[in-house]
Structures are given as C-alpha cells and as structure tokens.
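Q: Got a structure for you, questions after.
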Amino acid sequence: MEVMDKWVAEFFLRRQQNPRVYASPLLSALQPVDSDDCPKLKVTAVLRDISNSLIRGTVDEGMLDLLEILEKLLLEEHSVIMGSLKSAYCWTAVECTLRFMWPVTASDGFFGDALERIWRTRVGTLKERESDLVTRELLKWESDLNKAFEKPEIYQKIRETNIRYNAISHLNQLLKEQWALLGCSSLESVAQKRFLKRKDSPYASRRRGNDFGRAGNTIDNVNEELGIGERERGNGSNREIADDVDKVNQQEQEHEPSLNKGDMLVARELKDFLLEIQRLIDPSTRQDQEHDNAMDQSVDVTPQPDGANRTEAEDSEGTSSSRRVRPHLPTPEPLNVSPLKKGRLDRPRPRRPMKFWTPEEVAALREGVKEYGKSWKDIKNSNPVVLADRSEVDLKDKWRNLFGRQ
DNA sequence: ATAGGGATAACT
DNA sequence: AGTTATCCCTAT
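First residue of the first sequence: 123, per the working numbering; consecutive thereafter.
Structural data, given as structure tokens:
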C-alpha cells in the first residue's frame, strides 16, 4: 500500500483547486513508510508549500528555506538549477530584507539584524557550499544593501523600490516552470506505460512477474487491492472499484463525521480520477460499464465533471470505441495565483518619487510620437537612454498632459 | 499594450 | 483654496 499512499499524496499535492493541503505534515505522516526513494514527490511537496505561501501572500524567510530545499532536491536529482530559481531566490532574499527597512534611517529598526541574518549567515553558507543560487545579481544586491547601511541616500532609494512585485513574479515563474518540468503524475505515467504495453500485444491477457519490472508488480498489486485485477470477464470491475472508493469514503465519514463540502469535492474528484485511470488502463471495460451499469447506482453516484467531457465519451461510444485514445486527466497546471493584482496584503506600495520631465525627455517623446504615433512601447525602445526613467504608461500620461485632458 | 479614471504631490 | 504634473490602478 505504500504505492497507494504515494499516489494519493501526489494527487492531493498536485490538485490546484482549493489547496488546503499542507505538504510537510502530509509527507512526514508518510515518512516511516517511504524513506527517501521518491525525490519527485518531495519536489512536489515543496512546490505545494511555495504555492500555499504565495496564496497567503507571504514572502518571508520561510520562503527562502523552501527555495533552498528545492535547490538541494534538484541537485540530488542532478537536475539543472534553472534561472528562475536563482532569480526567485535573489528577489525573495531582497524582499525579506526590505521588510525591515520601514524606518526612515537604517540604524533605527532591525535592518542591521536582517543583514546579518539573511546576508551574512544564510547567503554565507550558500557561498561556502558554492551553491548555484549565488549569482552575480545576488552579490550585487548584497553589496548594495551593505552600502545602504552606511549611506542614507542608497537606503532611501532601495526603501522606495517595489521589490515585492519582482519577488512574486519570479516565484510565480519558478512555479510555472517547475510544475511543467514535473510532468505527469506517476500514477498517470504508470497507467500510460501499461496502456501502451497492452496496445502492443492486444491478445496478451494479464501480465505478471518480471516482464514488467518492479512497477508492473506494484501496479498489479494495487489493481488487486482495488478489485480490478480480474478483468478478463470485464463485468463488474467498475462496480467493484466504485464500491471500493465508496468504502473509503465511508471510512472517512466514520473518522471525520463532519465532512465539509471541500472534502466531499476531493473525494469525488479522487473517485473520478480513479475511474478515468481504470478506463485508460483497459478501455474494454468502458463499454461494459456503459452497457451493464446503465442503471447501476455507481453511475448515478458518479458525478459528471463537465458536460462536454461526458457527451464526448458517449459520442465515441456510439460510433467506435477504439476512437477514444486518451481521456482527459487532470494534469495540474501551475497555480494561477496573483496576489499582486488586488488588495496588497501588507503595506501599500510606496509611491515612486515624483520626477519632473526634462525638456530633453519631452523632445524625445515628441520625436517618438512623430515617428511611431501613440505606440509608447516603440517610442521608449527608440530612445531608451533618455527615456530610461519613464515607463510606457508615463509616456502616455505625459502626452496626455501636453495635449489631451485640457 | 493602451486608454481612461482617479489619487497625490507640487505649484500658484 | 484651485490647478497642474505625475504616478497608479483597472478595464478593455
């Protein structure tokens, strides 16, 4: 059942809706069973933790811990440390420091402590082990922040920049890339392997033993657990799997009588997922399900995820069952979390210091409009030096001040 | 990416 | 006070 544990854990860690799963407790609960033979699952857990932290809008030193853990895990797997991880680490570190820069002068608050803790100690150990996280960017920030402790102008300048936005953007980018890199879940890939195997030799009945390697053994075991081992007759296997899931649900009910809506949702989702996998493993049972269980309660109980999916299945069933190649499986997409869009969770972003337009800048803008029209992006690109301090929106606003909105 | 509405700093 | 210049947010 260790395999099942792993798969269920993976399923929960990957689902992106209603993510109230806390990865570390979940994994530590399973820890005695699977010691350290599943690095992929650990990466999944860390990604889930990072996601959760982002959803809560927390970019703190706990996030730095998570990023460091992620780096170690990737190293163990001999994966490449992507640029996004480096950037995310750098900007998160700066943001963590910036949190302590709210006093007007550097010596007032805990800025010094933060420098010591984050940059001397933490980054120091990174340097010692020659981590890839130590980038030029990071070193530049280190020296800048150290200078800021001495020079009030630099302190002010850094204090007023919006680091948080950058940190969150890079963290989101990191999540996106890493979720994608993780690929499909192990349950899904096992199912796919098995499906391909069956496709290769359609007349072969059940496989046992070594020809499928260790994974083959485990999936067979699990199939037996689920009651889908005896599949030759096809009949009733879906009933059994559905009943099994129902049993699990009942057990959950017994232990936790106050199942809320979210948990019910999870249970149903899990059930759907298992049914999908079952169909994927052996498409022949699908027909049996449709025919034999037409009035079966398991069909009634089975929630219908979305109308389109359902009708598509019925269509293919009506014409030719072999047309259905691959059912839709919920391969998780990266969380589309955007805590920066609305409602800043902590202090509001400080307003960028106001700077009047120089005649040179105005001239550049005039030239630009003459050449490109109101394509502010092109205008900025055409003269990036003079207009370095002006965003595209700034250009638009200035033009409006010159001519529009009188 | 851009336009427009609106807030705020700077100015009169 | 009112006005203007700049910056920010959001809908399209």
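For every residue, glycine included, the Cβ atom is placed at its ideal position computed from N, Cα and C.
Could you tell me if Asn294 is buried or exposed, where buried requires 16 or more neighbouring beta carbons within 10 angstroms of its beta carbon?
A: The sequence position of residue 294 within the first sequence is 172, counting from 1. So Asn294 counts as buried.
Q: If you check the beta carbons only, do Ala210 and Phe222 fall under 8 Å apart?
A: The count along the first sequence starts at 1 and reaches residue 210 at position 88. The count along the first sequence starts at 1 and reaches residue 222 at position 100. No; because the gap between Cβ atoms is not below 8 Å, this pair is not in contact.
Q: Verify whether the separation of the beta carbon atoms of Leu169 and Lys128 is less than 8 Å.
A: Your numbering for residue 169 matches position 47 in the first sequence. Your numbering for residue 128 matches position 6 in the first sequence. It is not a contact, given that the beta carbons lie outside the stated cut-off.
Q: Can you give me the C-alpha to C-alpha distance between His292 and Leu176, rounded to a whole angstrom?
A: In the first sequence, the residue the question calls residue 292 occupies position 170. In the first sequence, the residue the question calls residue 176 occupies position 54. Whole-angstrom Cα-Cα distance: 11 Å.
Q: If you run the structure through DSSP and keep just helix, strand and coil, what is Ser513?
A: Within the first sequence, numbered from 1, the residue matching residue 513 stands at position 391. Coil.
Q: Measuring alpha carbon to alpha carbon, tell me which of Lys499, Phe525, Arg320 and Glu282 ends up nearest Arg474.
A: Counting from 1 along the first sequence, the entry for residue 474 is found at position 352. Of the candidates Lys499, Phe525, Arg320 and Glu282, the one whose C-alpha sits nearest the C-alpha of Arg474 is Glu282.
Q: Less than 8 Å between the beta carbons of Ala215 and Leu260, yes or no?
A: Residue numbering aside, residue 215 sits at position 93 when the first sequence is read from its first letter. Residue numbering aside, residue 260 sits at position 138 when the first sequence is read from its first letter. Yes, these two residues count as a Cβ contact at 8 Å.
Q: Does DSSP classify Lys496 as helix, strand or coil?
A: Numbered from 1 along the first sequence, position 374 holds the residue referred to as residue 496. Lys496: coil per DSSP, three-state reduction.
Q: Within the continuous alpha helix (DSSP H) that includes Ser209, where are the two ends?
A: For the purposes of this step, residue 209 is identified with residue 87 of the first sequence, where counting begins at 1. Start and end: Gly205 to Leu220.
Q: Note down the Cα distance separating Leu397 from Glu190, rounded to an integer number of angstroms.
A: Looking up residue 397 in the first sequence gives position 275. Looking up residue 190 in the first sequence gives position 68. About 38 Å.
Q: Please report the straight-line C-alpha distance between Leu267 and Leu318, rounded to a whole angstrom.
A: Counting from one through the first sequence, the residue named residue 267 turns up at place 145. Counting from one through the first sequence, the residue named residue 318 turns up at place 196. For Leu267 and Leu318, the distance between alpha carbons rounds to 56 Å.
Q: Excluding sequence positions up to five away, which residues of its chain have a Cβ less than 6 Å from the Cβ of Val459?
A: As a position in the first sequence, residue 459 is number 337, starting the count at 1. The predicted position of Val459 is uncertain, since its pLDDT is 40 and thus under 50; a value taken from the coordinates is nonetheless stated next. Within the same chain, Val459 has close Cβ partners Leu176 and Ile177.
Q: So, is Arg258 buried or exposed, given that buried needs 16 or more other C-beta atoms within 10 angstroms?
A: Sequence index remark: in the first sequence, residue 258 carries index 136 (1-based). It counts as exposed.
Q: Over what stretch of residues does the alpha helix (DSSP H) that includes Asp266 continue unbroken?
A: Taking the first sequence and counting its residues from 1, one reaches residue 266 at position 144. Per DSSP, Asp266 belongs to the alpha helix (DSSP H) from Arg258 to Glu272.
Q: Here's the rule I'm using: 16 or more other beta-carbon atoms within 10 Å means buried, otherwise exposed. How should Trp224 be labelled?
A: Translated into the one-based positions of the first sequence, residue 224 becomes position 102. Classification of Trp224: exposed, given that the 10 Å Cβ count is below 16.
Q: Where does Thr247 sit, in a helix, a strand or coil, going by DSSP?
A: Counting from one through the first sequence, the residue named residue 247 turns up at place 125. Here Thr247 sits in helix by DSSP.
Q: Under a three-way DSSP split, which group does Ser307 fall into?
A: Position 185 of the first sequence, counting from 1, holds the residue named residue 307. Reduced to three states, the DSSP call for Ser307 is coil.
Q: Looking at the secondary structure, which residues open and close the alpha helix (DSSP H) in which Ile240 lies?
A: The residue labelled residue 240 in the question sits at position 118 within the first sequence. Careful: Ile240 lies outside any alpha helix (DSSP H) and carries neither H nor E.
Q: Taking Thr227 as the reference, which of Glu198, Arg316, Tyr277 and Ala131 has the closest Cα?
A: Sequence index remark: in the first sequence, residue 227 carries index 105 (1-based). The candidate whose alpha carbon is nearest that of Thr227 is Tyr277.
Q: Write down the C-beta distance between Arg136 and Thr166 rounded to the nearest angstrom, noting that I regard them as a contact closer than 8 Å.
A: On the first sequence, residue 136 is found 14 positions in, with the first residue counted as 1. On the first sequence, residue 166 is found 44 positions in, with the first residue counted as 1. Their Cβ separation, rounded to whole angstroms, is 6 Å, which keeps Arg136 and Thr166 in contact under 8 Å.
Q: Quick one: Cα of Arg316 to Cα of Trp263, how far?
A: As a position in the first sequence, residue 316 is number 194, starting the count at 1. As a position in the first sequence, residue 263 is number 141, starting the count at 1. Taking the straight line from one Cα to the other gives about 51 Å.
Q: Note down, in chain order, each residue of its chain lying with its Cβ closer than 7 Å to the Cβ of Trp213, except the 5 sequence neighbours on either side.
A: As a working note, residue 213 is residue 91 in the first sequence. Only Ile285, Asn288, Ala289 and His292 meet the Cβ criterion.
Q: Under a Cβ-count criterion, where at least 16 other Cβ atoms within 10 Å of its own Cβ denotes burial, should Ala302 be classed as buried or exposed?
A: In the first sequence, counting from the first residue as 1, residue 302 sits at position 180. Exposed: under 16 other Cβ atoms inside 10 Å.
Q: Taking a contact to mean a Cβ-Cβ separation below 8 Å, would you say Ile203 touches Cys218 in this structure?
A: For the purposes of this step, residue 203 is taken as the residue at position 81 of the first sequence. For the purposes of this step, residue 218 is taken as the residue at position 96 of the first sequence. Against a cut-off of 8 Å, the Cβ pair of Cys218 and Ile203 comes out as no contact.
Q: Report the three-state DSSP secondary structure of Val202 (helix, strand or coil).
A: Along the first sequence, read from residue 1 onward, the residue named residue 202 stands at position 80. It is coil, neither helix nor strand.
Q: Under a three-way DSSP split, which group does Arg474 fall into?
A: Walking along the first sequence from the start, residue 474 turns up at place 352. If DSSP states are grouped into helix, strand and coil, Arg474 belongs with coil.
Q: Whole angstroms is fine: what's the gap from Lys194's alpha carbon to Phe133's?
A: Walking along the first sequence from the start, residue 194 turns up at place 72. Walking along the first sequence from the start, residue 133 turns up at place 11. The alpha-carbon atoms of Lys194 and Phe133 are separated by roughly 23 Å.
Q: With 16 other CB atoms within 10 Å as the buried threshold, where does Val507 fall?
A: Here the question's residue 507 lines up with position 385 in the first sequence. Exposed.
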